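**Q** So the protein sequences, as listed, match chains A, B, C and D.
Counting along the first sequence from 1, when you hit position 99 you're at 98 in numbering that gives the first Met the number 0, and nothing is skipped either side.
Counting along the second sequence from 1, when you hit position 187 you're at 186 in numbering that gives the first Met the number 0, and nothing is skipped either side.
Counting along the third sequence from 1, when you hit position 178 you're at 177 in numbering that gives the first Met the number 0, and nothing is skipped either side.
Counting along the fourth sequence from 1, when you hit position 34 you're at 33 in numbering that gives the first Met the number 0, and nothing is skipped either side.
4 protein chains.
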Amino acid sequence: MFTGKNIVHSDVVTKATHDALARRGVTLEDIANIVYEMQVPYNEGLDLAECVDSIEKVLMKRELQHAILVGIELDELAEQGKLSAPLQQIVESDEGLFGVDETIALGAVFTYGSIAVTTFGHLDKNKIGIINDLDTKKGIGVHTFLDDLVASIASCAASRLAHRKRDLEEAGLTYKEAHKLKNKQPDQQ
Amino acid sequence: MFTGKNIVHSDVVTKATHDALARRGVTLEDIANIVYEMQVPYNEGLDLAECVDSIEKVLMKRELQHAILVGIELDELAEQGKLSAPLQQIVESDEGLFGVDETIALGAVFTYGSIAVTTFGHLDKNKIGIINDLDTKKGIGVHTFLDDLVASIASCAASRLAHRKRDLEEAGLTYKEAHKLKNKQPDQQ
Amino acid sequence: MFTGKNIVHSDVVTKATHDALARRGVTLEDIANIVYEMQVPYNEGLDLAECVDSIEKVLMKRELQHAILVGIELDELAEQGKLSAPLQQIVESDEGLFGVDETIALGAVFTYGSIAVTTFGHLDKNKIGIINDLDTKKGIGVHTFLDDLVASIASCAASRLAHRKRDLEEAGLTYKEAHKLKNKQPDQQ
Amino acid sequence: MFTGKNIVHSDVVTKATHDALARRGVTLEDIANIVYEMQVPYNEGLDLAECVDSIEKVLMKRELQHAILVGIELDELAEQGKLSAPLQQIVESDEGLFGVDETIALGAVFTYGSIAVTTFGHLDKNKIGIINDLDTKKGIGVHTFLDDLVASIASCAASRLAHRKRDLEEAGLTYKEAHKLKNKQPDQQ
């Protein structure tokens, strides 16, 4: 049994991460559409279910969970006008030279290697799909951190798919065979 | 004249950064003592005033200012019990596997190159001077982000000194001559 | 006087950096065209000379110089078939999952903050201008590291321009006035 | 079957990585001693075999394998005097402000999160065990990149152990039970 006193159990953190995304109007399917668009040119036969599956796996990583919880907290506090000056104004206006949103998102991106970093930069500049919706929604609500977090989740999931496809090819497995194996055990770091 | 509407002027952000550190009980001299200890083995004749000066210069960088404002805000919100669960508990207890504090601090450290990164890691593990005081103060107040931010400021200032000493050597200047020149113009990126 | 024995003087490293780029067929104007395209939407009246100037300034940073020297050396060694197996084959074929080229380039990008990182990711994916030429030139010569290095230089110079424009606005200076001041003293870290 | 033409199979890269370390006189036990020293304060009952096991797992990651192959290649080329000037002199003398060795090592460290980054910085400064031996061996042979690579491997393995211990605690498993499960399937990203 897990007896760490005062330590929040991973299951609680995982649930809080999913809840926070849902509360801010971002579904796993929204993010999967971005992953699909990024990876389908390199992966014939990729389907949306694989992308959702990859997102679910990266959302189990602590580094990404913590980034999401902190970023969404700051967006919500800014929305409620509860940050102190001048941070309130900087976050509220999503200032061009403010970079803590990218920094927090990048911390998680790094754990998926350099492919994830370049994918993140691309998504952050080109604001594909839900990332653009969040950006243009700015009148209603603060999404300074959320758009970078979505780009982070998508680039982690895309990089994970790229590495995994290669592992499967080398092992002579098809995705479906691997899928069955994979579901028996969680990702390990 | 500067006319960007809704844009917070750098002077306001710089002042807020200094105020935040002072409010949390960290003086530039506290940080300078760490920088001095790190750099004196490589720089005969280094004095504390040079270290304070280097800290003042790195505190003018946006990347570091924003990191400090966000990190201290999160510490203060946690201290007041104003973060939502489970983030409140994670930050309050400074959980060993929570890494957003290091990530935010590292974003600024990166701008001073790889020497700064290794110095940061060293300070973060070995908790020299005020960093240790903050760590053992934990009973009174939350300093989850602040100790990493102090390590970040110290490692940026130490790396800046190392690069600058080399520039001066190559230019055939002594520190005192350079100091006079430097004060006429701010650092440029 | 500079007396470090066995230490290569910065001027030698700076010259070697410029020579290496020229030897590999990359001009500062090629890179300036990318910087211009990236920054003109945010900077009315930006001209190519400003972009070349910004590139010259970032090329004085040690972190970027060292990255360029190492990356181009590896490209040239691979071109001559002088790397050992299996690295020779990996570099020669610019393997999709090989990321040391991006890693080396990113080390320098980090020193210009998070704007530089997202710009780098964008350029690395979308291969604008000379970056694309290098990529399609692959039949003749190895440019595995060079395309990432060019993206690195361009994103550093673009980020530097963005930060600098803001500093000037706040100081109430025009670019031309600042240009005169700037030429009197080198960038400081 | 794996049919990617010109693509080097992972098994070949893994073998080359182990061979390169052995050729440069670094054993997995040397690195395990460092990991043990870093992690035993937080993990009662940790043994050296667990540390070797963790090192073997991180050495299966592409990001780390590629870093090791590139870094050792550069050390060996410098040792043979085959790099061009001034890079030959910079690498040979392990110049204090040269940071590409840390940058390459850090690329892999990032994939194990912020704990790995601070551990790396600590090891890089304090040169524990084999890292110190390599550093003082400098008269005979060039180890500019190797000492950082060893610090990288050790910090990845230490971070992996820290995360894994927590996962096991939460799952109510002991290390030995988990060890049996783990050996049936490789780590997944």
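Glycine residues also receive a C-beta, built at the ideal position from the N, C-alpha and C atoms.
Source: prediction; values computed, not measured.
So does the stretch 71 to 80 of chain C actually touch the stretch 66 to 86 of chain D, counting three or more Cβ pairs closer than 8 angstroms?
**A** yes
**Q** Against chain C, does B:K109 count as a neighbour if the rule is that its beta carbon must be under 9 angstroms from one of theirs?
**A** Looking up residue 109 of chain B in the second sequence gives position 110. Rather than Lys, the amino acid found at residue 109 of chain B in this sequence is Phe. Contact of B:F109 with chain C is assigned, a C-beta pair being separated by under 9 angstroms.
**Q** Strictly below 8 angstroms CB to CB, what residues from chain C border D:H121?
**A** Translated into positions along the fourth sequence, residue 121 of chain D becomes position 122. What D:H121 touches in chain C: nothing, since even the nearest Cβ is about 20 angstroms away.
**Q** What in chain D is Cβ-close to B:S92, meaning under 9 angstroms?
**A** One-based indexing of the second sequence puts residue 92 of chain B at position 93. Simply none; closest approach about 14 angstroms.
**Q** Just how far apart, CA to CA, sit C:K56 and C:T13?
**A** Working through the third sequence from its first residue, we reach residue 56 of chain C at position 57. Working through the third sequence from its first residue, we reach residue 13 of chain C at position 14. C-alpha separation (whole angstroms): 11 angstroms.
**Q** Which residue's Cα is closest to the Cα of A:A161: A:L86, A:L133 and A:S113?
**A** The sequence position of residue 161 of chain A within the first sequence is 162, counting from 1. Out of A:L86, A:L133 and A:S113, A:S113 has the C-alpha closest to the C-alpha of A:A161.
**Q** Counting only runs that start and end within the stretch 31 to 115 of chain A, where is the alpha helix (DSSP H) found for 4 or more residues in a row?
**A** 47 to 57, 61 to 78, 86 to 91 and 99 to 108
**Q** Since B:A104 and B:V90 should fall inside the 8 angstroms C-beta cutoff, what is the C-beta to C-beta distance between them, to a whole number of angstroms?
**A** Walking along the second sequence from the start, residue 104 of chain B turns up at place 105. Walking along the second sequence from the start, residue 90 of chain B turns up at place 91. With a contact defined as Cβ atoms closer than 8 angstroms, B:A104 and B:V90 miss out at about 14 angstroms.
**Q** What is the rounded straight-line gap between the Cα of A:A150 and the Cα of B:D123?
**A** On the first sequence, residue 150 of chain A is found 151 positions in, with the first residue counted as 1. On the second sequence, residue 123 of chain B is found 124 positions in, with the first residue counted as 1. Going by the C-alpha atoms only, they are around 29 angstroms apart.
**Q** Using C-beta distances below 7 angstroms, list every residue in its chain close to A:L68, excluding the 5 sequence neighbours before and after it, in chain order.
**A** Looking up residue 68 of chain A in the first sequence gives position 69. Once the five neighbours on either side are set aside, the close Cβ partners of A:L68 are A15, T16 and A19.
**Q** Mind checking which residues open and close the alpha helix (DSSP H) that includes C:R22?
**A** On the third sequence, position 23 is the one that residue 22 of chain C refers to. Boundaries of the alpha helix (DSSP H) harbouring C:R22: S9 to R22, taken from the DSSP string.
**Q** Residues of chain A with CB closer than 9 angstroms to the CB of C:R61, please, in chain order.
**A** As a working note, residue 61 of chain C is residue 62 in the third sequence. What C:R61 touches in chain A: nothing, since even the nearest Cβ is about 22 angstroms away.
**Q** What are the start and end residues of the alpha helix (DSSP H) that includes B:V152?
**A** For the purposes of this step, residue 152 of chain B is taken as the residue at position 153 of the second sequence. Before going on, a small fix: residue 152 of chain B reads as Ile here, not Val. Its alpha helix (DSSP H) spans residues L145 to A170.
**Q** So with CB distances below 7 angstroms, who are the chain D contacts of B:H162?
**A** Against the second sequence, residue 162 of chain B aligns to sequence position 163. Neighbours of B:H162 in chain D, taken as residues at a C-beta separation under 7 angstroms, are given in chain order as L96.
**Q** Starting from D:I130 and walking both ways along the alpha helix (DSSP H), at which residues does that stretch end?
**A** For the purposes of this step, residue 130 of chain D is taken as the residue at position 131 of the fourth sequence. It spans I129 to T135 - the alpha helix (DSSP H) in which D:I130 sits, taken as one unbroken run.
**Q** Rounded to the nearest angstrom, how far is the Cβ of A:A31 from that of A:V51, given a contact under 8 angstroms?
**A** Residue numbering aside, residue 31 of chain A sits at position 32 when the first sequence is read from its first letter. Residue numbering aside, residue 51 of chain A sits at position 52 when the first sequence is read from its first letter. A:A31 to A:V51, Cβ: 5 angstroms. Contact.
**Q** Thinking C-beta only, is B:R23 closer than 9 angstroms to B:L172?
**A** Here residue 172 of chain B refers to the residue found at position 173 of the second sequence. Here residue 23 of chain B refers to the residue found at position 24 of the second sequence. No, the pair does not count as a contact, with Cβ atoms beyond the cut-off.
**Q** Would B:Y41 pass as a contact of B:K164 if the rule is Cβ separation under 9 angstroms?
**A** Sequence index remark: in the second sequence, residue 41 of chain B carries index 42 (1-based). Sequence index remark: in the second sequence, residue 164 of chain B carries index 165 (1-based). Going by C-beta atoms, B:Y41 is nearer than 9 angstroms to B:K164.
**Q** Could you tell me whether the Cβ of C:R23 comes closer than 9 angstroms to any Cβ of chain B?
**A** Taking the third sequence and counting its residues from 1, the one referred to as residue 23 of chain C is at position 24. No - not a single Cβ of chain B is within 9 angstroms of the one on C:R23.
**Q** Within this structure, are the beta carbons of B:I263 and B:L82 separated by less than 9 angstroms?
**A** With chain B covering only 0 through 188, there is no way to say anything about residue 263 of chain B.
**Q** Measure the alpha-carbon distance for C:A156 versus D:G95 and round it to whole angstroms.
**A** Translated into the one-based positions of the third sequence, residue 156 of chain C becomes position 157. Translated into the one-based positions of the fourth sequence, residue 95 of chain D becomes position 96. The straight-line gap from Cα to Cα measures roughly 25 angstroms.
**Q** Rounded to whole angstroms, what is the Cα-Cα separation between B:A170 and B:A153?
**A** In the second sequence, counting from the first residue as 1, residue 170 of chain B sits at position 171. In the second sequence, counting from the first residue as 1, residue 153 of chain B sits at position 154. Approximately 26 angstroms, taken between the alpha carbons.
**Q** Within this structure, are the beta carbons of B:V25 and B:L133 separated by less than 9 angstroms?
**A** Numbered from its first residue, the second sequence carries residue 25 of chain B at position 26. Numbered from its first residue, the second sequence carries residue 133 of chain B at position 134. Yes, these two residues count as a Cβ contact at 9 angstroms.
**Q** Would you mind telling me which residues of chain E sit closer than 7 angstroms to B:H65, beta carbon to beta carbon, in chain order?
**A** You won't find chain E in this structure, because its protein chains are A, B, C and D.
**Q** For a cutoff of 9 angstroms on Cβ pairs, would you count C:H8 as touching chain B?
**A** As a working note, residue 8 of chain C is residue 9 in the third sequence. Interface flag for C:H8 against chain B is set, since a Cβ pair is found closer than 9 angstroms.
**Q** Going along the chain, which residues of its own chain have a beta-carbon closer than 7 angstroms to the beta-carbon of C:S158, five neighbours each way excluded?
**A** As a position in the third sequence, residue 158 of chain C is number 159, starting the count at 1. Result list for C:S158: Y111, G112, I114, A115 and T118, in chain order.
**Q** Can you give me the Cβ contacts of B:K126 inside the same chain, cut-off strictly under 8 angstroms, excluding the 5 residues immediately before and after it?
**A** On the second sequence, position 127 is the one that residue 126 of chain B refers to. A distance below 8 angstroms between beta-carbons, with the five flanking residues on each side excluded, links B:K126 to the following residues of its chain, in chain order: D134 and D146.
**Q** When the cut-off is 9 angstroms and only beta carbons count, does D:R159 lie next to chain B?
**A** The residue given as residue 159 of chain D occupies position 160 in the fourth sequence. Answer no: the Cβ-Cβ gap between D:R159 and chain B never drops below 9 angstroms.
**Q** Is D:G120 near D:E62, with beta carbons less than 9 angstroms apart?
**A** Locating residue 120 of chain D in the fourth sequence gives position 121, where the first residue counts as 1. Locating residue 62 of chain D in the fourth sequence gives position 63, where the first residue counts as 1. No, Cβ-Cβ distance for D:G120 and D:E62 is not below 9 angstroms.
**Q** Hey, is A:E78's beta-carbon within less than 9 angstroms of any beta-carbon in chain B?
**A** Stepping through the first sequence from its first residue, residue 78 of chain A is reached at position 79. False, the Cβ-Cβ gap to chain B never drops below 9 angstroms.
**Q** Would you kindly work out how many angstroms separate the C-alpha atoms of C:V99 and A:M37, rounded to a whole number?
**A** Mapped onto the third sequence, residue 99 of chain C falls at position 100. Mapped onto the first sequence, residue 37 of chain A falls at position 38. Computed Cα separation, rounded: 22 angstroms.
**Q** Leaving out five residues before and five after D:Q87 in sequence, what residues of the same chain have Cβ atoms less than 7 angstroms from its Cβ?
**A** Working through the fourth sequence from its first residue, we reach residue 87 of chain D at position 88. Within the same chain, D:Q87 has close Cβ partners A77 and G80.
**Q** Tell me the rounded alpha-carbon separation between D:S92 and A:D93.
**A** One-based indexing of the fourth sequence puts residue 92 of chain D at position 93. One-based indexing of the first sequence puts residue 93 of chain A at position 94. Roughly 46 angstroms between the two C-alpha positions.
**Q** For chain D, find out if any of its Cβ atoms is closer than 9 angstroms to the Cβ of B:V116; answer yes or no.
**A** In the second sequence, residue 116 of chain B corresponds to position 117, counting from 1. Yes - at least one Cβ of chain D is within 9 angstroms of the one on B:V116.
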